[in-house]
Structures are given as C-alpha cells and as structure tokens.
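So for the sequence shown, the numbering used here puts the first residue at 88; every next one is plus one.
As structure tokens, the structure follows; a few thoughts come after it.
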Amino acid sequence: MRNIRASILGVVLAVATIVIASFLSKPHALDLFAILLAFIAAVYLGFVLLDGHRREVVIEIVVIALFFVLAILGLWVTPYFLVIGYFAHGLWDVLHHPRAVQTKVVLWWPPFCLVYDWIVGGFIFWWWS
Numbered sequence: 088m089r090n091i092r093a094s095i096l097g098v099v100l101a102v103a104t105i106v107i108a109s110f111l112s113k114p115h116a117l118d119l120f121a122i123l124l125a126f127i128a129a130v131y132l133g134f135v136l137l138d139g140h141r142r143e144v145v146i147e148i149v150v151i152a153l154f155f156v157l158a159i160l161g162l163w164v165t166p167y168f169l170v171i172g173y174f175a176h177g178l179w180d181v182l183h184h185p186r187a188v189q190t191k192v193v194l195w196w197p198p199f200c201l202v203y204d205w206i207v208g209g210f211i212f213w214w215w216s
C-alpha cells in the first residue's frame, strides 16, 4: 500500500512539474528540468550522510556527479541527455530498493522517485522529439 501511495504521489508531482514547465519557454523549461535532475540526484547525498558508510558516500558522490554532468549536457548539447538522466536516475532508485546499494533510504522513496523520473523523462523525450 505504501508503494502505491508513493507511486501516486510521484505521478501527481510529475504532472505538476510538467504543467509548470509547459508555461515556460522551452529554454527556461530545460533549465528547470536540469535543475530538478541535479536536485533529485543530490537528495541521495542527504540519505548517505545520515547513513555514514564511507563506501556508499563515495558511490553516491560519484553518481551524483554523473547526474550533474548529464544535466549540464542536457542544456549545452541536447535535451536527450536530460532524458537519459531521468531514466537512469529511475534505475538508480530501483537499485536502492532491494539494497543493492547499501545507502539507507526511506522505503517509499524509490517507487516515488522512479515514477516521477520516468514520467518527466518520457515527457522531455516526447516534447523534444
């Protein structure tokens, strides 16, 4: 039940994000999507710092840096890097669910974030194609 509620929240917030972006010019909407991708990735820094395992801190920082690079490339090269970033982040969320990555996250976060990421990524792909 918790995963269903988290997924519904992911849908609602993704739709809200898309509605807000639709009122912006395309360049400003891309700025918004890039900032959100970087922010979403950085949330895991909070989780890992609370957890405190050195190995996971290193893993999360490296992965956060990769998502920051994808966000920048999404602005400077092509928005398809944002699409890659959102879909890849959804997969990263799934890796936290069965504890493949040992960073402790609240149980509802992975399904919420996966749904949000893939809806927003799908929208960017559709919108830019």
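Beta carbons are placed, not taken as given, at the ideal position from N, Cα and C, and that holds for glycine.
It should be emphasised that the depicted structure is a prediction, and the values quoted were computed from it without experimental measurement.
Can you tell me which of the three DSSP states residue i falls into?
{"i": "L162", "result": "helix"}
{"i": "F110", "result": "coil"}
{"i": "S216", "result": "coil"}
Here's the rule I'm using: 16 or more other beta-carbon atoms within 10 Å means buried, otherwise exposed. How should residue i be labelled?
{"i": "L137", "result": "exposed"}
{"i": "A73", "result": "Because the chain spans 88 through 216 in this model, residue 73 falls outside it and cannot be assessed."}
Among the options, which has the Cα closest to the Cα of residue i?
{"i": "T165", "options": "L100, I105, K113 and R92", "result": "K113"}
{"i": "V181", "options": "G172, Y167, C200 and V170", "result": "C200"}
{"i": "R92", "options": "L194, Q189 and W213", "result": "L194"}
{"i": "H140", "options": "F174, T190, A158 and W213", "result": "T190"}
For residue i, which residues in the same chain have their Cβ closer than 6 Å to its Cβ, ignoring the five residues on either side in sequence?
{"i": "F155", "result": "A125"}
{"i": "A101", "result": "Y203, I206 and V207"}
Rounded to the nearest angstrom, what separates residue i and residue j at their Cα positions?
{"i": "A108", "j": "L119", "result": "7 Å"}
Which same chain residues, not among the five before or five after residue i, have their C-beta less than 7 Å away from its C-beta?
{"i": "R89", "result": "L194 and W195"}
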